[in-house]
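Undergrad: Residue numbers for the sequence shown follow the numbering used here, so the first one is 22 and each next one is one higher.
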Amino acid sequence: MNNRLKEIRKELNLTQQELADKANISRATIISIENQESPVKSDTIANIVKATGVPANRIFFDFDVV
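#1: Just to confirm my understanding: we take residue 84, look at its own chain, exclude 5 residues before and 5 after, and list those with CB closer than 7 angstroms. What are they?
#2: Report the three-state DSSP secondary structure of residue 59 (helix, strand or coil).
#3: Which residue comes first and which comes last in the alpha helix (DSSP H) that contains residue 78?
#4: With DSSP collapsed to three states, give me the class of residue 34.
#5: Please report the straight-line C-alpha distance between residue 49 and residue 39, rounded to a whole angstrom.
#6: In terms of alpha-carbon separation, which member of 31, 32, 57 and 44 lies closest to residue 64?
#7: Is it true that the CB of residue 66 sits closer than 9 angstroms to the CB of residue 82?
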C-alpha cells in the first residue's frame, strides 16, 4: 500500500519515535510503513489515524484502486 506517512509525520513535526509512541506501535513499524516494506494492518492504520488526526485516505492510498 502506498502512503504519505513520512511526509505527513514531518508536517506534524513528529519524529518516528514520537509518532510510534502516540500510535502505540513500534518505531520499527513506522520505519517499515514509511519505506513501504510490507502491508499495513487495519488496526495499525486506525492507530496512526487516531494519533495524527489525519484521515486514512490522506495517508494511505493505492493507485490500483478505482
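Backbone N, C-alpha and C define an ideal beta-carbon position, used for all residues, glycine too.
On a predicted model such as this, the values are computed, not experimentally measured, just so you know.
TA: Reading off the structure:
#1: Note that residue 84 has pLDDT 48, beneath the 50 cutoff, so the model's placement of it is unreliable and the number below is only indicative. These residues qualify, in order along the chain: 23.
#2: coil
#3: Looking at the DSSP string, the run of the alpha helix (DSSP H) that includes residue 78 is 77-80.
#4: coil
#5: Cα to Cα, residue 49 sits roughly 12 angstroms from residue 39.
#6: 44
#7: No, these two residues do not count as a Cβ contact at 9 angstroms.
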